[in-house]
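The sequence shown begins at 113 in my numbering and counts up one residue at a time. Backbone N, C-alpha and C fix where the C-beta goes; we use that ideal spot for every residue, glycine too.
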Amino acid sequence: MKCDVFDVCKNDGICYKFAGRDNLFCKCLPPWTGEICNITYCDSNPCKNSATCVPSEDSYSCICDSAFTGSDCSQDVDECRVSNNGVLVSPCYYTQICVNSFGSFSCECHVGFEGFNCLVNINDCLSAPCPDSSTCVDGVAGYTCVWPPEYNKQSSIGQDLDAEGSKSDYV
Ligand SMILES: [Ca+2]
113 MKCDVFDVCK
123 NDGICYKFAG
133 RDNLFCKCLP
143 PWTGEICNIT
153 YCDSNPCKNS
163 ATCVPSEDSY
173 SCICDSAFTG
183 SDCSQDVDEC
193 RVSNNGVLVS
203 PCYYTQICVN
213 SFGSFSCECH
223 VGFEGFNCLV
233 NINDCLSAPC
243 PDSSTCVDGV
253 AGYTCVWPPE
263 YNKQSSIGQD
273 LDAEGSKSDY
283 V
């Protein structure tokens, strides 16, 4: 076999043939390796949980999704126990309950809030609970009907009696 007859070495590897020997030798360009430079250290899928594998000359590294950690991204991140200078920083807003799970977390929202991290104050005015001439101002699990001055009426506060906390999973 001769180097120049076949495209023996893949991925721009350089082919050598030593005088007096039959076999060819490929010098691969990183991150390619193997006899004919057609494999990398990522080919065995060493990174877990949809992580991105980056091959190098003699190894690989994994870039983890934010929900996972560890050199091969196989460990769950406990999003409920992330600390910033020793202070726990919950991803759930307004002191809601955070529940960690493998690859995710969920928040149990207080009454009147919703959304994956309970940041959304449910709009209690959506059902148009106030009389026509007044203006509805959204509150937390409730609303206020505000009357124009010419009506000489006190604002009235309404409560959403059906309101309850919601549980939302972050994915
Ligand atoms: Ca988690």
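Compare the beta carbon distance of C149 and G125 with 8 Å and say whether it is the shorter of the two. In the sequence shown, counting from the first residue as 1, residue 149 sits at position 37. In the sequence shown, counting from the first residue as 1, residue 125 sits at position 13. Yes. Within cutoff.
Taking buried to mean at least 16 other C-beta atoms within 10 Å of its own C-beta, is A308 buried or exposed? The structure shown does not extend to residue 308, since the chain is modelled only from 113 through 283, so no value can be given for it.
Would you kindly check if the distance between the Cβ of G215 and the Cβ of D188 is under 8 Å? Along the sequence shown, read from residue 1 onward, the residue named residue 188 stands at position 76. Along the sequence shown, read from residue 1 onward, the residue named residue 215 stands at position 103. Taking 8 Å as the Cβ cut-off, D188 and G215 qualify as a contacting pair.
Bridge-paired residues (DSSP) for T247: In the sequence shown, residue 247 corresponds to position 135, counting from 1. Beta-bridge pairing links T247 to V258.
My assumption, with CB atoms under 8 Å, is that C230 sits in contact with C242. Please give the rounded CB distance. Position 118 of the sequence shown holds residue 230. Position 130 of the sequence shown holds residue 242. Not quite, the Cβ-Cβ distance comes to about 26 Å (not below 8 Å), so this is no contact.
Would you check whether ligand 1 has a heavy atom nearer than 7 Å to the C-beta of N212? As a working note, residue 212 is residue 100 in the sequence shown. Yes, the Cβ of N212 comes within 7 Å of a heavy atom of ligand 1.
A131 at chain C interface by Cβ criterion, 8 Å: Given the protein chain composition of this structure (a single chain), no chain C is represented.
Which runs of the beta strand (DSSP E) spanning at least 3 residues fall entirely within the stretch 182–220, listed in chain order? 209–213, 216–220
Cα separation between K139 and P158? Translated into the one-based positions of the sequence shown, residue 139 becomes position 27. Translated into the one-based positions of the sequence shown, residue 158 becomes position 46. K139 and P158: Cα-Cα distance of roughly 24 Å.
Where I209 and S178 are concerned, what is the direct C-alpha to C-alpha distance, given to the nearest angstrom? As a first step, residue 209 is located in the sequence shown; it is residue number 97 there, counting from the start. As a first step, residue 178 is located in the sequence shown; it is residue number 66 there, counting from the start. The alpha-carbon atoms of I209 and S178 are separated by roughly 20 Å.
Count the other CB atoms within 10 Å of the CB of G132; is the residue buried (16 or more) or exposed (fewer)? Residue 132 sits at position 20 when you count from the first residue of the sequence shown. Exposed is the call here.
For G224, count neighbouring Cβ atoms within 10 angstroms of its own Cβ and tell me buried if that reaches 16, exposed if not. Here residue 224 refers to the residue found at position 112 when the sequence shown is read from its first residue. Classification for G224: buried.
I'd like the span of the beta strand (DSSP E) that includes C174, first residue to last. Within the sequence shown, numbered from 1, the residue matching residue 174 stands at position 62. 172–175 is the extent of the beta strand (DSSP E) around C174.
Just verifying my parser: in three-state terms, what is the DSSP assignment at Y128? Residue mapping note: residue 128 aligns to position 16 of the sequence shown, counting from 1. Y128: strand per DSSP, three-state reduction.
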